[in-house]
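Novice:
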Amino acid sequence: MKALAVINPKAGGGKGSTMGERVRSHFSKHDHEIHFVQATSLAESLTQINDLCEVHDFQYLICVGGDGLIHDLLPLLLKHNIPLLVVPAGTGNDFARTIGLHGKKLHKILELPLSQAPSQINVGAIEHDGGTTPFVQILSTGFDSVVNERANDFKVIRGSIKYVIAVLLEVWKFRAIDFTLKVDGEVISQEAMLVCVANGTSYGGGMKIVPHASHDDGLLDVMVVDRVNPFRLLLVFPRVFFGTHIKHPRVHFYSGEKIEISGKTHAYADGERISGLPINIAISERSLQVYKI
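All letters in the sequence shown, in the order written, are residues 12 to 304 by the working numbering.
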């Protein structure tokens, strides 16, 4: 088989480098044609990937990294219609969790293209002032985006604990935001702590923020948390790890094909900063091919 392998050596505090070497070792023992990309910068990696895809007919792309690398690869995966095989090596690995690959043995993951065909899953598309950006898991605004921004600033703290610490640091000074939502034309205006738009179930290293979200139902699920005081928000927060927060009376859900969000805040998607609001979100016309369990 002919494949392209993309490695982020800095993912997961160096786990990407270790897993990348294990992937190289695995394929050195097999009769496969594998092209490896491990450039010194993201921009250089994406350029190399695009150039290689223009020349070669790869059967799939192996992503050795976390949710951030998957997010960056999405435009090229959709453009060239290449199936994705994820080797989880990041901090959160929420996409890998959602598709059943988190915690699986490496050789089992690398053998998936030999044993099954890839699945087609939905991708969200965000229209913002900088253009259109695809995402595959969670788009977050308000308190969530503030926490994400703080967590991304941590240089030493790794794993989902960094999101917990960021919550504890930010919750005391955050104030509710006046949001205006439009879900398939229905307008919802209210003060809220956060608004999430979900294509997948989790973020932040296993926080089941919208546990009923699905990659293949053609819909986006919206979660809104009403204005609450810091103490109540802290009481609700631990329930996110188990998905039981969905029963709280201050948490509301909607679903639709087209979502519009306005408010004085900014949006993150798949853990990466996108833009300020307003934004429009819809299911992309293009599906992502992915190997999953």
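For each residue, glycine too, the CB sits at the ideal point set by N, CA and C.
(1) Distance, Cα to Cα, Phe38 vs Gln131?
(2) With a CB to CB cut of under 8 angstroms and the five nearest residues on each side skipped, what residues in its chain are close to Pro20?
(3) Unbroken alpha helix (DSSP H) runs of length 4 or more, entirely within the region 152-187: which are they?
(4) My guess is that Ala280 and Leu288 are in contact by the Cβ rule of under 8 angstroms, so how many angstroms apart are they, rounded?
(5) From the beta carbon of Arg161, is the nearest beta carbon of chain B less than 8 angstroms away?
(6) For Arg297, which residues from the same chain have a beta carbon less than 7 angstroms from its beta carbon, with the 5 sequence-adjacent residues on both sides left out?
(7) Using a Cβ-Cβ cutoff of less than 8 angstroms, which residues in the same chain neighbour His118 once the five nearest sequence positions on both sides are dropped?
(8) Taking the CB atoms as reference points, tell me whether Ile270 and Val182 lie closer together than 8 angstroms.
(9) Under the DSSP definition of a beta bridge, which residues are partnered with Ala293?
(10) Give the DSSP-derived three-state secondary structure of Phe146 in the structure shown.
(11) Shortest alpha-carbon distance to Lys275 belongs to which of Glu138, Val206, Gly101, Cys64?
(12) If we count the other Cβ atoms within 10 Å of its Cβ and call it buried at 16 or more, is Thr58 buried or exposed?
(13) Go ahead and pull the three-state DSSP assignment for Asp78.
(14) Exposed or buried, which one is Ala128 when buried takes at least 16 other CB atoms within 10 Å?
(15) Where Phe253 and His41 are concerned, what is the direct C-alpha to C-alpha distance, given to the nearest angstrom?
(16) Given this structure, state the Cα-to-Cα distance separating Ile81 from Leu245, to the nearest angstrom.
(17) Can you tell me whether Asp227 is buried or exposed, with buried defined as 16 or more other CB within 10 angstroms of its CB?
(18) Grab me the residues of Glu44's own chain with a C-beta within less than 8 angstroms of its C-beta, minus the 5 sequence neighbours each way, in chain order.
(19) Taking the C-alpha atoms as reference points, what is the distance between Phe69 and Glu197?
(20) Looking only at its chain, what residues have a beta carbon closer than 7 angstroms to the beta carbon of Leu180, apart from the 5 residues adjacent to it on each side?
(21) From which residue to which residue does the alpha helix (DSSP H) around Arg35 run?
(22) Could you check which residue in Gly76, Val98, Pro241 has the C-alpha nearest to that of Gly24?
(23) To the nearest angstrom, how far is the alpha carbon of Met204 from that of Arg243?
(24) Taking the CB atoms as reference points, tell me whether Phe154 and Phe185 lie closer together than 8 angstroms.
(25) Cα-Cα, which of His256, Gln300, Glu268, Val34 is closest to Val235?
(26) Buried or exposed for Gly267, going by 16 or more other Cβ atoms inside 10 Å?
(27) Count the other CB atoms within 10 Å of the CB of Arg284; is the residue buried (16 or more) or exposed (fewer)?
(28) Taking Ser295 as the reference, which of Pro260, Asp237, Leu230, Pro241 has the closest Cα?
Specialist: The answer reads as follows:
(1) In the sequence shown, residue 38 corresponds to position 27, counting from 1. In the sequence shown, residue 131 corresponds to position 120, counting from 1. Taking the Cα positions, Phe38 is about 26 angstroms away from Gln131.
(2) For the purposes of this step, residue 20 is taken as residue 9 along the sequence shown, with counting starting at 1. Gly27, Ser28, Gly31, Gln49.
(3) Qualifying alpha helix (DSSP H) stretches, in chain order: 154-164, 172-181.
(4) For the purposes of this step, residue 280 is taken as the residue at position 269 of the sequence shown. For the purposes of this step, residue 288 is taken as the residue at position 277 of the sequence shown. Going by Cβ atoms, the distance from Ala280 to Leu288 rounds to 13 angstroms, so no, they are not a contact pair.
(5) Protein chains in the displayed structure number just one, and chain B is not present.
(6) The count along the sequence shown starts at 1 and reaches residue 297 at position 286. Result list for Arg297: Leu89, Val134, in chain order.
(7) For the purposes of this step, residue 118 is identified with residue 107 of the sequence shown, where counting begins at 1. Result list for His118: His37, in chain order.
(8) As a first step, residue 270 is located in the sequence shown; it is residue number 259 there, counting from the start. As a first step, residue 182 is located in the sequence shown; it is residue number 171 there, counting from the start. Against a cut-off of 8 angstroms, the Cβ pair of Val182 and Ile270 comes out as no contact.
(9) As a working note, residue 293 is residue 282 in the sequence shown. DSSP, once it has assigned bridges, lists Ala136, Lys269 as partnering Ala293.
(10) Along the sequence shown, read from residue 1 onward, the residue named residue 146 stands at position 135. Note: Phe146 maps to strand in three-state DSSP.
(11) Here residue 275 is taken as the residue at index 264 of the sequence shown, counted from 1. Closest by alpha carbon: Val206.
(12) Working through the sequence shown from its first residue, we reach residue 58 at position 47. Here Thr58 is exposed, its C-beta having fewer than 16 other C-beta atoms within 10 Å.
(13) Here residue 78 is taken as the residue at index 67 of the sequence shown, counted from 1. In the structure shown, Asp78 sits in a helix (DSSP, three-state: H, G or I).
(14) Here the question's residue 128 lines up with position 117 in the sequence shown. Its Cβ having fewer than 16 others within 10 Å, Ala128 is exposed.
(15) If you number the sequence shown from 1, residue 253 lands on position 242. If you number the sequence shown from 1, residue 41 lands on position 30. So the two alpha carbons sit approximately 41 angstroms from each other.
(16) Position 70 of the sequence shown, counted from the start, is the residue given in the question as residue 81. Position 234 of the sequence shown, counted from the start, is the residue given in the question as residue 245. Straight across, the Cα-Cα distance linking Ile81 with Leu245 is about 31 angstroms.
(17) As a position in the sequence shown, residue 227 is number 216, starting the count at 1. With fewer than 16 Cβ atoms within 10 Å of its Cβ, Asp227 is classed as exposed.
(18) Indexing the sequence shown from 1 puts residue 44 at position 33. Met12, Lys13, Ala14, listed in sequence order.
(19) One-based indexing of the sequence shown puts residue 69 at position 58. One-based indexing of the sequence shown puts residue 197 at position 186. Here the C-alpha atom of Phe69 lies approximately 43 angstroms from the C-alpha atom of Glu197.
(20) Translated into the one-based positions of the sequence shown, residue 180 becomes position 169. If we look at Leu180 and ignore the five residues flanking it on each side, its Cβ neighbours are Arg161.
(21) Here residue 35 refers to the residue found at position 24 of the sequence shown. From DSSP, the alpha helix (DSSP H) with Arg35 extends over 26-39.
(22) Numbered from 1 along the sequence shown, position 13 holds the residue referred to as residue 24. That would be Gly76, whose Cα lies nearest to the Cα of Gly24.
(23) Reading the sequence shown from its first residue, position 193 is the one you call residue 204. Reading the sequence shown from its first residue, position 232 is the one you call residue 243. Roughly 12 angstroms between the two C-alpha positions.
(24) The residue given as residue 154 occupies position 143 in the sequence shown. The residue given as residue 185 occupies position 174 in the sequence shown. If you check the CB distance, Phe154 and Phe185 come in under 8 angstroms.
(25) The sequence position of residue 235 within the sequence shown is 224, counting from 1. Just measuring C-alpha positions, the residue of His256, Gln300, Glu268, Val34 sitting nearest Val235 is His256.
(26) As a position in the sequence shown, residue 267 is number 256, starting the count at 1. Gly267 comes out buried.
(27) On the sequence shown, residue 284 is found 273 positions in, with the first residue counted as 1. Looking at its Cβ environment, which holds fewer than 16 other Cβ atoms inside 10 Å, Arg284 is exposed.
(28) Here residue 295 is taken as the residue at index 284 of the sequence shown, counted from 1. Out of Pro260, Asp237, Leu230, Pro241, Leu230 has the C-alpha closest to the C-alpha of Ser295.
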